Amino acid sequence: MRAAQRQAQAKAEYNAFLAACPSRQLLDRISDKWVVLILCALGGDAAPQGPGAPRAMRYSELARLLAGVSQKMLTQTLRSLERDGLLTRTVTPTVPVTVTYELTDLGLSLHRTAREIRYWAQAHMGEVLAHRDDYDAATS
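Numbering of the sequence shown is given in UniProt numbering, commencing with residue 1 and proceeding in unit increments.
In structure tokens, the structure reads:
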């Protein structure tokens with residue numbers, strides 16, 4: 001069996017509803033809030049004037065933009081995204097060393113989905129809070 005045939009067979013067999021399916025691990029990773037925000041930031045969605053073009057960002061830019069993320073969490077998340085092929089890490093030998101992160105084509109394809117989830121959350125948060133209040137009032 002050729003490699004392409006093995007990949008096609010494996011792809012057909014992925015089913016996230018099955019406990020042993022490896023796609024569950026990927027779903028765990030990409031559903032994380034920091035992953036969504038990193039994808040949106042590198043995808044150009046963090047500009048004050050609205051969505052822009054995807055761009056490379058330095059670690060310090062990402063850390064400033066992602067309010068509340070710890071250095072450890074940001075580092076771990078960036079490493080996992082690099083391992084999965086969603087972003088690239090480029091080291092430039094300057095003084096001090098410059099490290100930038102940029103979405104790959106695979107990362108850009110996921111960015112579109114992450115952006116929509118972020119937009120949905122921002123647009124519907126008021127409704128969700130109202131439903132929470134109603135639920136809490138009815139159950140207390």
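In this text, a Cβ means the ideal position worked out from N, Cα and C, and glycines have one as well.
Given the structure is predicted, the values throughout are model-derived calculations rather than measurements.
DSSP puts residue i in a beta bridge; with which residues?
i    : result
E116 : DSSP lists no partner for E116.
M91  : Residue 91 is actually Val in this sequence, not Met. For V91, which the question treats as bridged, DSSP gives the partners V99.
M57  : Y101
By Cβ distance below 6 angstroms, which residues in the same chain neighbour residue i in space, the five residues on each side in sequence not counted?
i    : result
L66  : L37
D45  : P51 and R115
V128 : none
Y59  : V99
Given a threshold of 16 other Cβ atoms within 10 Å of its Cβ, counted over all protein chains shown, does residue i qualify as buried or as exposed?
i           : result
A123        : exposed
T77         : buried
G68         : exposed
residue 193 : In the structure displayed, the chain extends from 1 to 140; residue 193 sits before or after that span and is not available.
L87         : buried
V97         : exposed
M57         : buried
L62         : buried
residue 155 : The structure shown does not extend to residue 155, since the chain is modelled only from 1 through 140, so no value can be given for it.
L103        : buried
V95         : exposed
V91         : exposed
Starting from residue i, trace the alpha helix (DSSP H) both ways and give me its first and last residue.
i   : result
P69 : Checking the sequence, you will find Val at residue 69 rather than Pro. Element bounds for V69: n/a, residue is neither H nor E.
L42 : K33 to L42
On the three-state DSSP scale, how would you describe residue i?
i    : result
G107 : helix
S23  : helix
S80  : helix
D45  : coil
A16  : coil
L86  : coil
Grab me the residues of residue i's own chain with a C-beta within less than 8 angstroms of its C-beta, minus the 5 sequence neighbours each way, in chain order.
i   : result
C40 : A46, H111, A114, R115 and R118
Apart from the five residues on each side of it in sequence, which residues of its chain come closer than 7 angstroms, Cβ to Cβ, to residue i?
i    : result
Y135 : none
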